[in-house]
Amino acid sequence: MAGDFIPHAGGAFLEWAKTLITYVAAHLTGFNIQEAALAPIQTLLADYQTAYDRAENPNRGKADVLAKNEARDALKAALRTFTA
-2 MAGDFIPHAG GAFLEWAKTL ITYVAAHLTG FNIQEAALAP IQTLLADYQT AYDRAENPNR
58 GKADVLAKNE ARDALKAALR TFTA
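Note that this note's numbering has the sequence shown beginning at -2, numbered continuously upward.
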(Lines of atoms letter the chains of each structure in order from A and count residues from 1; the text may use other names and numbers.)
(Lines give C-alpha, C1' and ligand atoms only; values in the text may rest on other atoms or scores of the structure.)
Protein backbone atom coordinates (compact mmCIF):
# COMPACT_ATOMS: atom_id res chain seq x y z
CA MET A 1 0.00 0.00 0.00
CA ALA A 2 1.55 3.31 -1.07
CA GLY A 3 2.06 5.79 1.72
CA ASP A 4 1.45 3.16 4.39
CA PHE A 5 2.55 4.21 7.88
CA ILE A 6 3.31 0.63 8.95
CA PRO A 7 6.88 -0.54 8.26
CA HIS A 8 7.14 -3.46 5.85
CA ALA A 9 10.28 -5.20 7.12
CA GLY A 10 9.60 -7.69 9.92
CA GLY A 11 12.08 -6.33 12.45
CA ALA A 12 11.15 -2.72 11.77
CA PHE A 13 7.46 -3.60 12.11
CA LEU A 14 8.10 -5.36 15.41
CA GLU A 15 9.97 -2.38 16.86
CA TRP A 16 7.35 0.07 15.56
CA ALA A 17 4.50 -1.97 17.03
CA LYS A 18 6.27 -2.32 20.40
CA THR A 19 6.90 1.42 20.51
CA LEU A 20 3.31 2.28 19.61
CA ILE A 21 1.76 -0.16 22.06
CA THR A 22 4.12 0.86 24.88
CA TYR A 23 3.33 4.53 24.28
CA VAL A 24 -0.41 3.96 24.22
CA ALA A 25 -0.24 1.79 27.36
CA ALA A 26 1.57 4.61 29.18
CA HIS A 27 -1.03 7.19 28.09
CA LEU A 28 -4.34 5.32 28.32
CA THR A 29 -6.03 8.09 30.27
CA GLY A 30 -4.91 10.78 27.84
CA PHE A 31 -6.25 8.79 24.90
CA ASN A 32 -9.41 7.83 26.85
CA ILE A 33 -8.72 4.15 26.20
CA GLN A 34 -9.65 1.37 28.59
CA GLU A 35 -6.89 -1.07 29.50
CA ALA A 36 -9.16 -3.91 28.40
CA ALA A 37 -9.22 -2.48 24.86
CA LEU A 38 -5.43 -2.67 24.62
CA ALA A 39 -5.04 -6.15 26.14
CA PRO A 40 -5.88 -8.13 22.97
CA ILE A 41 -3.38 -6.08 20.98
CA GLN A 42 -0.71 -6.69 23.60
CA THR A 43 -1.42 -10.42 23.28
CA LEU A 44 -1.09 -10.23 19.50
CA LEU A 45 2.20 -8.38 19.92
CA ALA A 46 3.51 -11.10 22.24
CA ASP A 47 2.40 -13.75 19.73
CA TYR A 48 4.18 -11.94 16.90
CA GLN A 49 7.35 -11.49 18.99
CA THR A 50 7.44 -15.23 19.68
CA ALA A 51 6.74 -16.17 16.06
CA TYR A 52 9.27 -13.62 14.79
CA ASP A 53 11.97 -14.99 17.09
CA ARG A 54 11.30 -18.54 15.89
CA ALA A 55 11.36 -17.47 12.24
CA GLU A 56 14.68 -15.66 12.74
CA ASN A 57 16.29 -18.87 14.03
CA PRO A 58 18.67 -20.28 11.38
CA ASN A 59 17.11 -23.73 11.97
CA ARG A 60 13.60 -22.48 11.28
CA GLY A 61 11.14 -24.35 9.13
CA LYS A 62 8.49 -23.24 6.68
CA ALA A 63 5.88 -23.57 9.42
CA ASP A 64 7.81 -21.06 11.55
CA VAL A 65 7.84 -18.51 8.73
CA LEU A 66 4.16 -19.11 8.03
CA ALA A 67 3.31 -18.66 11.72
CA LYS A 68 5.28 -15.39 11.78
CA ASN A 69 3.47 -14.09 8.70
CA GLU A 70 0.07 -15.02 10.12
CA ALA A 71 0.89 -13.41 13.49
CA ARG A 72 2.11 -10.28 11.71
CA ASP A 73 -1.07 -10.07 9.62
CA ALA A 74 -3.26 -10.46 12.72
CA LEU A 75 -1.34 -7.78 14.63
CA LYS A 76 -1.30 -5.44 11.65
CA ALA A 77 -5.06 -5.77 11.17
CA ALA A 78 -5.70 -5.15 14.86
CA LEU A 79 -3.44 -2.09 14.86
CA ARG A 80 -5.13 -0.66 11.79
CA THR A 81 -8.53 -1.02 13.47
CA PHE A 82 -7.24 0.30 16.77
CA THR A 83 -5.61 3.40 15.28
CA ALA A 84 -8.60 4.17 13.07
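Backbone N, C-alpha and C define an ideal beta-carbon position, used for all residues, glycine too. None of these values were measured; they are calculated from a predicted model.
Pick helix, strand or coil for ASP1, following the three-state DSSP scheme. coil
Assign ILE30 to one of three DSSP states: helix, strand, or coil. coil
Proximal residues to LEU42 (C-beta, below 8 Å), its chain only, five neighbours per side dropped: ALA14, LYS15, ILE18, LEU72
Please say whether LYS65 and ALA81 have beta carbons closer to each other than 8 Å? no
Environment of ALA48 [buried if 16+ CB atoms lie within 10 Å]: buried
How many Å lie between PHE79 and LEU35 at the Cα? 9 Å
Would the beta-carbon of ALA68 fall within 8 Å of that of ASP44? yes
Below 6 Å CB to CB, which residues in the same chain sit around TYR20 once its five sequence neighbours on both sides are set aside? none
I'd like the span of the alpha helix (DSSP H) that includes ASN56, first residue to last. Neither: ASN56 is in no alpha helix (DSSP H) and is coded neither H nor E.
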